[in-house]
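Participant: Each residue of the sequence shown is one higher than the one before, starting from 28 at the first, in the numbering used here. All C-beta atoms, glycine included, are put in the ideal place defined by N, C-alpha and C.
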Amino acid sequence: MSGFWTEIDRRLGLGECIGACRAHRVPGKASWLKVWACVMVFAVIVQAVTGFFLWMYYSPGAQSAWESVYYLQNQVAGGWLLRAVHHYSAHVLLAAVMIYVLQTVLTAAYRAPRELVFWAALGVGCFALGAIITGDLLYWDQNGYTSTKVRTSFLNLLPGVGQSLLSLATGGGADLGNLTLTRFFALHVGLLGGGTIALALAHAYLTRRADRLEAEGAASEPWWPNQAWISAVACLVFMAVVFALSLRHGATGPHRGVFHGSPADPAGSFDAARPEWMLVGVYELSHFFPPSLSIVPIFIVPGAVLAFFLLMPWIGARPGGRVVNIAGTLGLLAIVIGLTCFSYYKDAVNEPHQKAWAAERELALRVRQLAEAKGIPPSGALTLLREDPKVQGPRLFAQHCASCHNYSAPDGKAILAEKSSAPEMHGFATRKWVSGFFHVKTITGPDYFGNTAFRNGEMVGAVKDWWKEAGDDQQAVAELTKELEAVAAALSAEAQLPAQREADQRDKELIAAGLKSIEAMCVDCHRFRKAKGGGAPDLTGYGSKEWLHGIIANPADPRFYGKSNDRMPAYREILTAQEIDLLAHWLRGEWFEPPAE
Numbered sequence: 028m029s030g031f032w033t034e035i036d037r038r039l040g041l042g043e044c045i046g047a048c049r050a051h052r053v054p055g056k057a058s059w060l061k062v063w064a065c066v067m068v069f070a071v072i073v074q075a076v077t078g079f080f081l082w083m084y085y086s087p088g089a090q091s092a093w094e095s096v097y098y099l100q101n102q103v104a105g106g107w108l109l110r111a112v113h114h115y116s117a118h119v120l121l122a123a124v125m126i127y128v129l130q131t132v133l134t135a136a137y138r139a140p141r142e143l144v145f146w147a148a149l150g151v152g153c154f155a156l157g158a159i160i161t162g163d164l165l166y167w168d169q170n171g172y173t174s175t176k177v178r179t180s181f182l183n184l185l186p187g188v189g190q191s192l193l194s195l196a197t198g199g200g201a202d203l204g205n206l207t208l209t210r211f212f213a214l215h216v217g218l219l220g221g222g223t224i225a226l227a228l229a230h231a232y233l234t235r236r237a238d239r240l241e242a243e244g245a246a247s248e249p250w251w252p253n254q255a256w257i258s259a260v261a262c263l264v265f266m267a268v269v270f271a272l273s274l275r276h277g278a279t280g281p282h283r284g285v286f287h288g289s290p291a292d293p294a295g296s297f298d299a300a301r302p303e304w305m306l307v308g309v310y311e312l313s314h315f316f317p318p319s320l321s322i323v324p325i326f327i328v329p330g331a332v333l334a335f336f337l338l339m340p341w342i343g344a345r346p347g348g349r350v351v352n353i354a355g356t357l358g359l360l361a362i363v364i365g366l367t368c369f370s371y372y373k374d375a376v377n378e379p380h381q382k383a384w385a386a387e388r389e390l391a392l393r394v395r396q397l398a399e400a401k402g403i404p405p406s407g408a409l410t411l412l413r414e415d416p417k418v419q420g421p422r423l424f425a426q427h428c429a430s431c432h433n434y435s436a437p438d439g440k441a442i443l444a445e446k447s448s449a450p451e452m453h454g455f456a457t458r459k460w461v462s463g464f465f466h467v468k469t470i471t472g473p474d475y476f477g478n479t480a481f482r483n484g485e486m487v488g489a490v491k492d493w494w495k496e497a498g499d500d501q502q503a504v505a506e507l508t509k510e511l512e513a514v515a516a517a518l519s520a521e522a523q524l525p526a527q528r529e530a531d532q533r534d535k536e537l538i539a540a541g542l543k544s545i546e547a548m549c550v551d552c553h554r555f556r557k558a559k560g561g562g563a564p565d566l567t568g569y570g571s572k573e574w575l576h577g578i579i580a581n582p583a584d585p586r587f588y589g590k591s592n593d594r595m596p597a598y599r600e601i602l603t604a605q606e607i608d609l610l611a612h613w614l615r616g617e618w619f620e621p622p623a624e
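1. Can the beta-carbon of L542 be found less than 7 Å from the beta-carbon of A522?
2. Ordered along the chain, which non-local residues of its own chain (more than five positions away) have a Cβ less than 8 Å from that of W167?
3. Would you call the CB atoms of W250 and V53 closer than 7 Å?
4. For P525 versus E620, is the C-beta distance shorter than 7 Å?
5. At 3 residues or longer, and completely inside the region 53-88: list those beta strand (DSSP E) runs for me, N to C.
6. Which same chain residues, not among the five before or five after T650, have their C-beta less than 8 Å away from its C-beta?
7. If you draw a straight line from the alpha carbon of V269 to that of R138, how long is it in whole angstroms?
8. If you follow the beta strand (DSSP E) that S247 is in, where does it begin and where does it stop?
9. So, do the region 277-284 and the region 102-122 have three or more beta carbon pairs nearer to each other than 8 Å?
10. Which class does A400 belong to by DSSP, given the choice of helix, strand or coil?
11. Using alpha carbons as the reference points, say which of L156, A135, P87, A104 lies closest to H114.
12. Please confirm if the region 343-359 is in contact with the region 397-409, defined as three or more CB-CB distances below 8 Å between the two stretches.
13. Tell me whether F555 sits in a helix, a strand or coil according to DSSP, three-state version.
14. Helix, strand or coil: how does DSSP classify D492 here?
15. By DSSP's criteria, P290 is part of a beta bridge. Which residues make up the other side?
16. Are S544 and V514 close, meaning C-beta to C-beta below 7 Å?
17. Using a threshold of 7 Å, state whether the C-beta atoms of A563 and H553 are closer than that.
18. Only counting the same chain, and skipping five residues up and downstream in sequence, which positions put a Cβ closer than 8 Å to that of P324?
19. When you compare each of P140, I607, L149 to M125 by their alpha carbons, which one comes out closest?
20. To which residues of the same chain is L390 closer than 8 Å at the C-beta, ignoring the five residues directly before and after it?
21. So if DSSP puts Y434 in a beta bridge, which residue, or which two residues, is it bridged to?
22. Would you say G519 and T567 are within 7 Å of each other, going by their C-beta atoms?
23. Between which residues of its own chain and P622 is the CB-CB distance below 6 Å, once the five residues before and five after are set aside?
24. If we ignore side chains and look at the alpha-carbon of each, how far apart do L214 and K446 end up?
25. On a CA-only basis, which of C549, K56, P329 is nearest A245? Give me that one, please.
26. Can you have a look at F31 and say buried or exposed, based on whether 16 or more other CB atoms are within 10 angstroms of its CB?
27. Which one of M339, S321, W613, F145 has the shortest CA to CA distance from A231?
28. Per DSSP, A563 is paired with what?
29. How long is the line joining the alpha carbons of G162 and G330, rounded to whole angstroms?
30. Count the other CB atoms within 10 Å of the CB of P416; is the residue buried (16 or more) or exposed (fewer)?
31. When you compare the region 477-495 with the region 436-443, are there three or more beta-carbon pairs, one atom per stretch, that lie closer than 8 Å?
32. On the three-state DSSP scale, how would you describe H114?
33. Short check: CB of L206 to CB of G217, under 7 Å?
34. Check whether the region 63-72 and the region 377-391 are in contact - that is, three or more C-beta pairs closer than 8 Å.
35. Tell me where the alpha helix (DSSP H) around W618 begins and ends.
36. Can you tell me the Cα-Cα spacing of A261 and A64, whole angstroms?
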């Protein structure tokens with residue numbers, strides 16, 4: 028083995044290189060303040076290695092980007108951890124650069140001969156920030172999509188070149204898409220990733236060169252072993268922080284690693300999108316300026332701050348310059364921390380913001396459930412959500428039905444009209460819901476016909492007559508109550524609701540009795556099976572998917588309300604057949620749910 032090493036060393040000079048590293052003189056003594064060059068190089072190595080393996084799985088396309096990240100996150104063994112380490116190592120690297128820059132300012136280590144060292148560190152920070160920003164879109168989830176759409180729109184603020192830069196970045200379309208992903212991926216890997224590596228290596232080289240210059244004629248010691256061991260421990264601390272962040276949500280379950288939201292939907296909206304932590308201060312600062320002056324907090328202020336740091340070597344060389352640099356840096360730091368904390372506080376007490384994020388987390392979990400159960404179609408994972416009644420039903424109801432109807436679901440899922448003027452739709456066609464039509468107090472109340480044109484109609488009159496006829500006779504009231512309970516069970520059974528399947532099977536005798544009662548009590552007005560009835564809605568298949576689709580599509584159809592229809596539009600002229608089906612399925616509580624674990 029020694030002979031092999033000798034031959035390799037003769038050709039490559041590895042021993043000489045290692046010896047030079049060990050003999051490198053460090054000015055003064057070994058210190059924790061001198062670990063940053065090593066940590067930066069180590070961090071970019073971690074980024075490069077994890078990024079390479081991510082590259083093997085990633086597919087930049089509007090129908091494949093989210094899907095490839097999902098596959099890595101949920102199907103590849105250890106893929107979630109690989110992704111988390113790549114993500115958090117970039118953030119910890121940027122945080123380390125910030126700490127290093129602050130240390131450099133406080134110790135005036137930007138002075139000759141270390142100006143280039145300082146500027147290289149600033150370059151590493153800027154390129155790492157750019158890599159984080161471009162990487163945000165590559166997940167192709169709703170948060171990353173919305174955040175990037177907002178950020179790219181800021182390019183329009185730049186006079187003269189803004190529109191051209193925007194077209195270059197996004198591919199020229201109104202929405203972000205395949206070309207945007209391809210260009211951001213190229214920027215992320217090629218320019219910003221490669222630039223971060225190059226600048227980190229340049230920083231290490233310039234640091235060693237500055238060390239040699241300062242060590243000449245001054246107290247110094249070899250890099251090996253003291254400084255080498257301190258730097259190695261610093262790299263271990265770096266990885267410990269990265270792994271702690273990666274595992275903070277556990278190593279199992281849907282929330283492990285880095286959050287992966289629902290697939291990007293250009294037709295959707297997500298008002299709760301926020302920038303990454305290092306840009307939250309700038310985001311909050313922008314709220315202090317009117318839209319016409321947005322260029323100031325977005326471009327001018329950050330540009331001025333960067334210029335201030337670049338000029339620090341010259342400022343520090345002037346009398347009192349070091350004080351100016353320190354005061355300016357600490358002042359800026361205090362402002363940024365203050366704005367950041369204020370922004371996080373506002374979001375924490377902002378109920379709509381919290382609800383939006385809760386809904387996004389729920390949507391992310393839902394698409395994962397659908398993907399695991401049904402697989403991802405060639406059209407992409409977004410199709411799973413667009414064809415899911417549980418997701419689309421509430422959206423369609425809120426957009427088209429909640430102007431009149433309430434959907435008073437519990438657990439914060441209620442969709443309420445500003446002023447209800449039509450029947451309550453939560454629990455539609457269930458026995459409890461149907462039975463509400465058979466009591467005077469409920470049918471004339473706001474949850475049924477109380478705010479409609481039918482509040483004085485034949486149905487209300489019939490119900491009043493039933494109970495008036497029973498009067499105060501307890502036996503008659505009990506018999507009527509029992510009969511109406513059977514009618515409710517029979518009508519509800521017509522819907523064949525999935526949630527009531529077992530109850531319908533169990534209560535066959537009750538349902539049979541209810542069918543007889545319907546034929547005796549209802550067919551003067553309603554059609555039901557063979558009975559022709561009058562002009563009231565057909566009760567055959569009442570509440571079934573076909574019945575519900577029909578009444579949503581055209582409530583004025585003779586099968587339903589005909590000319591007596593009260594304000595409800597024919598949604599076949601507004602919604603597609605698929606959208607009506609999705610709404611019908613949702614109202615019936617009919618959607619896929621994964622088996623209970």
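Facilitator: Let me lay it out:
1. Translated into the one-based positions of the sequence shown, residue 542 becomes position 515. Translated into the one-based positions of the sequence shown, residue 522 becomes position 495. Not closer than 7 Å, so no.
2. Along the sequence shown, one-based indexing puts residue 167 at 140. Non-local beta-carbon contacts of W167 in its own chain, meaning distances under 8 Å to residues more than five positions away in sequence, involve A89, A92, W93, V96, L208, P290, A291 in chain order.
3. Counting from 1 along the sequence shown, the entry for residue 250 is found at position 223. Counting from 1 along the sequence shown, the entry for residue 53 is found at position 26. Yes.
4. Residue 525 sits at position 498 when you count from the first residue of the sequence shown. Residue 620 sits at position 593 when you count from the first residue of the sequence shown. It is not a contact, given that the beta carbons lie outside the stated cut-off.
5. Runs of beta strand (DSSP E) with 3 or more residues, each lying fully within the region 53-88, are absent.
6. The requested residue 650 is not part of the displayed model; the chain covers only 28 to 624.
7. Indexing the sequence shown from 1 puts residue 269 at position 242. Indexing the sequence shown from 1 puts residue 138 at position 111. Cα-Cα distance, rounded: 32 Å.
8. As a working note, residue 247 is residue 220 in the sequence shown. Looking at the DSSP string, the run of the beta strand (DSSP E) that includes S247 is 247-249.
9. Three or more pairs of CB atoms, one per stretch, sit closer than 8 Å, so the region 277-284 contacts the region 102-122.
10. Along the sequence shown, read from residue 1 onward, the residue named residue 400 stands at position 373. DSSP places A400 within a helical segment (H, G or I) once states are collapsed to three.
11. Counting from 1 along the sequence shown, the entry for residue 114 is found at position 87. Put simply, of L156, A135, P87, A104 the residue whose alpha carbon is nearest the alpha carbon of H114 is L156.
12. Touching, no.
13. In the sequence shown, the residue the question calls residue 555 occupies position 528. In the structure shown, F555 sits in a strand (DSSP, three-state: E or B).
14. As a position in the sequence shown, residue 492 is number 465, starting the count at 1. Residue state, collapsed to three classes: helix.
15. Reading the sequence shown from its first residue, position 263 is the one you call residue 290. Beta-bridge pairing by DSSP links P290 to D168.
16. The residue labelled residue 544 in the question sits at position 517 within the sequence shown. The residue labelled residue 514 in the question sits at position 487 within the sequence shown. Their beta carbons are under 7 Å apart, which means S544 touches V514 by this criterion.
17. The residue you call residue 563 lines up with position 536 of the sequence shown. The residue you call residue 553 lines up with position 526 of the sequence shown. Between A563 and H553, the C-beta spacing is below 7 Å.
18. On the sequence shown, position 297 is the one that residue 324 refers to. If we look at P324 and ignore the five residues flanking it on each side, its Cβ neighbours are V309, L312, S313, F315, F316.
19. As a working mapping, residue 125 is identified with position 98 in the sequence shown. In terms of Cα proximity to M125, the closest of P140, I607, L149 is L149.
20. As a position in the sequence shown, residue 390 is number 363, starting the count at 1. Correct list, in chain order: Q169, G288, S289, L412, V418.
21. Working through the sequence shown from its first residue, we reach residue 434 at position 407. Note: Y434 is bridge-paired with I442 in the DSSP secondary-structure output.
22. Start at 1 with the first residue of the sequence shown, and residue 519 comes out as number 492. Start at 1 with the first residue of the sequence shown, and residue 567 comes out as number 540. Reading off the sequence, residue 519 comes out as Ser, not Gly. With respect to T567, S519 sits apart: the two C-beta atoms are not nearer than 7 Å.
23. As a working mapping, residue 622 is identified with position 595 in the sequence shown. Apart from sequence neighbours up to five positions away, no residue of its chain approaches P622 with a beta-carbon distance below 6 Å.
24. On the sequence shown, position 187 is the one that residue 214 refers to. On the sequence shown, position 419 is the one that residue 446 refers to. Their Cα atoms are separated by approximately 51 Å.
25. Taking the sequence shown and counting its residues from 1, one reaches residue 245 at position 218. A245 has its Cα closest to that of K56, out of C549, K56, P329.
26. One-based indexing of the sequence shown puts residue 31 at position 4. It is exposed - the Cβ of F31 has fewer than 16 other Cβ atoms within 10 Å.
27. Sequence index remark: in the sequence shown, residue 231 carries index 204 (1-based). Of the residues M339, S321, W613, F145, the one whose Cα lies closest to the Cα of A231 is F145.
28. Residue 563 sits at position 536 when you count from the first residue of the sequence shown. DSSP lists H553 as partners of A563.
29. In the sequence shown, residue 162 corresponds to position 135, counting from 1. In the sequence shown, residue 330 corresponds to position 303, counting from 1. Going by the C-alpha atoms only, they are around 22 Å apart.
30. Residue 416 sits at position 389 when you count from the first residue of the sequence shown. If you draw a 10 Å sphere on the C-beta of P416, you find 16 or more other C-beta atoms in it, and that means buried.
31. With a cut-off of 8 Å on Cβ pairs, the region 477-495 is not in contact with the region 436-443, counting fewer than three such pairs.
32. Residue 114 sits at position 87 when you count from the first residue of the sequence shown. Here H114 sits in helix by DSSP.
33. As a working note, residue 206 is residue 179 in the sequence shown. As a working note, residue 217 is residue 190 in the sequence shown. When the beta-carbon positions are compared, L206 and G217 stay at least 7 Å from each other.
34. Too few Cβ pairs lie closer than 8 Å, so no.
35. Position 591 of the sequence shown, counted from the first residue, corresponds to residue 618. Per DSSP, W618 belongs to no alpha helix (DSSP H) and is neither H nor E.
36. Here the question's residue 261 lines up with position 234 in the sequence shown. Here the question's residue 64 lines up with position 37 in the sequence shown. Going by the C-alpha atoms only, they are around 11 Å apart.
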